[in-house]
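Everything on this sheet refers to the single structure shown next.
Residue numbers (the working numbering): 1378 to 1573.
Laid out in structure tokens, this is it:
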């Protein structure tokens, strides 16, 4: 594995190479994973959407945040390790991923409460990734909810996501607005199914 320099000290060309490597790394690690929704899209679709939102919100000004967005679930959901990310993509990318990674050894409800608690104390980069992640998840819940997720469970997720985002919405006005649109879209979907 190649040691990666800090992207702040690299050229645009090196940043593009690192971003491409991040996509390859994430694709290899998530190769057998699918989204939980009925459409069962490849998990990479979620990672690409989160990275796209982060790139858009930051106007491409911080490649390390975009790279961390691509990799944000690798430690939580694959066999990738923080040390591996540090060696491959540098200290800051590994630290950003660590900030948005849940400890899967904890019970689910504890992890959810810790996300709410930690969101307000996270770095701006981690908050931007968290905002983009929640936008992607709300869009997926509106378009293709997981089998077995009734309207009540989707509403519960929406309310929890709103609690997380409330703590980090100051990191990006553009993403906060996009989250509000995604939340409104999910609410509208839920109202439509309730009246059907």
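From the three backbone atoms N, C-alpha and C, an ideal C-beta is built for every residue, glycine too. Please read these numbers as outputs of a predicted model, since none were measured by experiment.
- Compute the Euclidean distance between the alpha carbons of residue 1479 and residue 1523, then round it to the nearest angstrom. Going by the C-alpha atoms only, they are around 21 angstroms apart.
- Item | Residues bridged to residue 1411 (per DSSP) | Looking at the DSSP assignment, residue 1411 forms a beta bridge with 1419.
- Query: At which residues does the alpha helix (DSSP H) containing residue 1537 begin and terminate?
  - Reply: That run of the alpha helix (DSSP H) goes 1528–1543.
- Item | For residue 1523, the residue or residues it bridges with in DSSP | Answer by DSSP bridge pairing, in chain order: 1414.
- C-beta atoms of residue 1452 and residue 1474 nearer than 9 angstroms: Yes, these two residues count as a Cβ contact at 9 angstroms.
- Message: Can you give me the C-alpha to C-alpha distance between residue 1517 and residue 1557, rounded to a whole angstrom?
- Response: Between the alpha carbons of residue 1517 and residue 1557 lies a gap of roughly 15 angstroms.
- What distance in whole Å lies between the Cβ atoms of residue 1399 and residue 1448, which are believed to be in contact at a cut-off of 8 angstroms? Contact flag correct, Cβ pair sits at about 6 angstroms.
- Between which two residues does the alpha helix (DSSP H) containing residue 1474 stretch? Per DSSP, residue 1474 is one residue of the alpha helix (DSSP H) stretching across 1468–1476.
- Query: Taking the alpha-carbon positions, what's the residue 1494 to residue 1484 distance?
  - Reply: Taking C-alpha positions only, residue 1494 is separated from residue 1484 by approximately 15 angstroms.
- Item | C-beta atoms of residue 1506 and residue 1445 nearer than 9 angstroms | For residue 1506 and residue 1445, yes; Cβs fall inside 9 angstroms.
- Hey, out of 1395, 1498, 1481, 1419, whose CA is closest to residue 1464's CA? Closest by alpha carbon: 1395.
- Item | Span of the alpha helix (DSSP H), counted from its first residue to its last, around residue 1397 | Where residue 1397 is concerned, the enclosing alpha helix (DSSP H) stretches over 1389–1406.
- Query: To the nearest whole angstrom, what separates the beta carbons of residue 1515 and residue 1549, a pair I think is in contact under 8 angstroms?
  - Reply: Actually they do not touch by this definition, with Cβ atoms about 16 angstroms apart.
- Message: If you follow the alpha helix (DSSP H) that residue 1488 is in, where does it begin and where does it stop?
- Response: Looking at the DSSP string, the run of the alpha helix (DSSP H) that includes residue 1488 is 1485–1496.
- Take the Cβ of residue 1492 as the centre, count every other Cβ of all protein chains shown within 10 Å, and call the residue buried at 16 or more, exposed below. Result: buried.
- Task: Would you be able to state if there are at least three C-beta pairs under 8 angstroms between the segment 1399–1411 and the segment 1420–1434?
- Result: Contact between the segment 1420–1434 and the segment 1399–1411 is present, because at least three Cβ pairs lie under 8 angstroms.
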